[in-house]
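**Student:** Pasting a structure here, questions to come.
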Amino acid sequence: VLGLNNVPIAGDEFEVVSSLDIARERAELRAESLRNERISAKAGDGRVTLSSLASAVSAGKLSGLDLHQLNIILKVDLQGSIEAVRQALQVLPQDNVTLKFLLETTGDVSTSDVDLAAASKAIIFGFNVKVPGSVKSYGDNKGVEIRLYRVIYELIDDVRNAMEGLLEPVEERVTIGSAEVRAIFSSGSGRVAGCMINEGKVVKGCGIEVIRRGKVVHVGLLDSLKRVKEVVKEIYLKSHNLAHVAYLRICCQPGLQSICLLHK
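When the letters of the sequence shown are read in order and numbered with full-length UniProt numbering, they come out as residues 1 to 264.
Put into structure tokens, the structure is as follows:
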């Protein structure tokens, strides 16, 4: 592709139009829109304090939003590098975690940058700049993370990893086995269910659901596991299909209608 004024960023999309006039018109509209966005962002930033951040988080919670934000202080060597790095970072998906540029400026990292990062819980990213030893020590004492880069793609990868670290973990339940409750016994620690393993395995500490007549009557964790009188960590269907499963205050009854689904 020839004739571009600037080097495109990895991930940019190309749009094909029927004429040069249409392409020029759309490019001008896009450039104007980006300028307005930058002006609005700078006008609305103001002074970053802990109270302003707390207000933003509270507003997110009150409106029912799951607010995740990565605050960034960007220090670069040249003015032109600011836009290049910013555009590269804005390509990253921000559906669940948004990037907030608290400061974008040229020059080496200073103590004032560290103070801002400490107050706003931000990370300092430096591109082709240095950190004086005294500033590095000051940042360590303040608990501020300072990262320096010479390659822009390494910076992008680290920001992506930081954004992913802010995401809530997705819990996936995997069924590992099922067992039929055959008998109930009393013990000093509670009630014990004697079970026959129908499928998979039984593992101590796994999640458990007790189902009776198609309805879940108990949800909890497996407290202990025995094979006859031997305390074990897990029992497979193929190795031994009779298990004594112990858990406290459980609503089990012997018979086919009481089935334990085990999951992790």
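Just so it is clear, CB atoms sit at the ideal spot from N, CA and C, and this is done for glycine as well. Since the structure is predicted, the reported quantities are computational estimates derived from the model, not experimental observations.
Would you call the CB atoms of V109 and K142 closer than 9 Å?
**Tutor:** Contact: no.
**Student:** Please identify the residue among Q79, G107, V17, K201 whose C-alpha is closest to the C-alpha of L237.
**Tutor:** Out of Q79, G107, V17, K201, K201 has the C-alpha closest to the C-alpha of L237.
**Student:** Going by DSSP, which residues form a beta bridge with N71?
**Tutor:** K100.
**Student:** Between L148 and K136, what straight-line distance do the alpha-carbon atoms span, to the nearest angstrom?
**Tutor:** So the alpha carbons of these two residues sit roughly 12 Å apart.
**Student:** Restricting to runs no shorter than 3 residues, where is the beta strand (DSSP E) found entirely within the region 118–166?
**Tutor:** Fully enclosed beta strand (DSSP E) runs of 3 or longer: 123–127, 146–149.
**Student:** How many angstroms separate the CA atom of G194 from the CA atom of R182?
**Tutor:** In a straight line, the C-alpha of G194 is about 6 Å away from that of R182.
**Student:** Do L221 and K233 have their C-beta atoms closer together than 9 Å?
**Tutor:** No; because the gap between Cβ atoms is not below 9 Å, this pair is not in contact.
**Student:** Please report the straight-line C-alpha distance between S18 and E25, rounded to a whole angstrom.
**Tutor:** Roughly 12 Å between the two C-alpha positions.
**Student:** Might you give, ordered along the chain, the residues of its own chain that have their beta carbon closer than 7 Å to the beta carbon of A23, omitting 5 neighbours on each side?
**Tutor:** Answer for A23: V17, listed in chain order.
**Student:** Bridge partners for L221 per DSSP, in chain order?
**Tutor:** In DSSP, L221 forms a bridge with G207.
**Student:** Could you tell me whether the Cβ atoms of I146 and A88 are closer together than 9 Å?
**Tutor:** Not in contact: I146 and A88 (Cβ atoms no closer than 9 Å).
**Student:** Can you grab the Cα-Cα spacing for the pair G126 / L103, in whole Å?
**Tutor:** Their Cα atoms are separated by approximately 12 Å.
**Student:** Using only alpha-carbon positions, find the residue among H218, T98, V231, L4 that is nearest to M163.
**Tutor:** Nearest of H218, T98, V231, L4 to M163, Cα basis: T98.
**Student:** Of all the options I152, Y138, A117, which has the alpha carbon lying nearest to the alpha carbon of I82?
**Tutor:** Minimum Cα distance to I82 is reached at I152.
**Student:** Check the DSSP bridge columns for F185 and list the partner residues they point to.
**Tutor:** Bridge partners of F185: V192.
**Student:** Round the Cβ separation of K75 and D113 to the nearest angstrom and send it over; I've been treating them as touching at under 8 Å.
**Tutor:** That belief holds up - the Cβ atoms of K75 and D113 are roughly 7 Å apart, short of 8 Å.
**Student:** Secondary structure at E15, three-state DSSP: helix, strand or coil?
**Tutor:** Three-state result, E15: coil.
**Student:** Report the three-state DSSP secondary structure of R30 (helix, strand or coil).
**Tutor:** Correct three-state label for R30: helix.
**Student:** Comparing alpha-carbon positions, which option in H218, E180, R227, G107 lies nearest G80?
**Tutor:** Measuring from the Cα of G80, the nearest candidate turns out to be G107.
**Student:** How many angstroms separate the CA atom of Q69 from the CA atom of K100?
**Tutor:** In a straight line, the C-alpha of Q69 is about 7 Å away from that of K100.
**Student:** Who are the near neighbours of V144 in its chain, counting only those whose CB is closer than 7 Å to its CB and skipping five residues on each side?
**Tutor:** Excluding residues within five positions, the ones whose Cβ falls inside 7 Å are V114, A117, A118, I124.
**Student:** Can you tell me the Cα-Cα spacing of E28 and Q90, whole angstroms?
**Tutor:** The alpha-carbon atoms of E28 and Q90 are separated by roughly 20 Å.
**Student:** Between L65 and the rest of its own chain, which residues show a CB-CB distance below 7 Å, the 5 nearest in sequence each way excluded?
**Tutor:** Residue confidence for L65 is low, a pLDDT of 35 falling below 50, so the modelled location carries little weight; the figure read from the coordinates is stated next. So no residue of the chain qualifies.
**Student:** According to DSSP, what are the bridge partners of E199?
**Tutor:** Per DSSP, S178.
**Student:** My guess is that residue 280 and V228 are in contact by the Cβ rule of under 8 Å, so how many angstroms apart are they, rounded?
**Tutor:** Outside the shown range of the chain, which is 1 to 264, sits residue 280, and nothing can be said about it.
**Student:** Is it right to say V203 is buried, meaning 16 or more other beta carbons lie within 10 angstroms of its own, or is it exposed?
**Tutor:** Buried, since its Cβ has 16 or more Cβ neighbours within 10 Å.
**Student:** Can you check DSSP and say which residues form a bridge with K215?
**Tutor:** Paired residue(s): R212.
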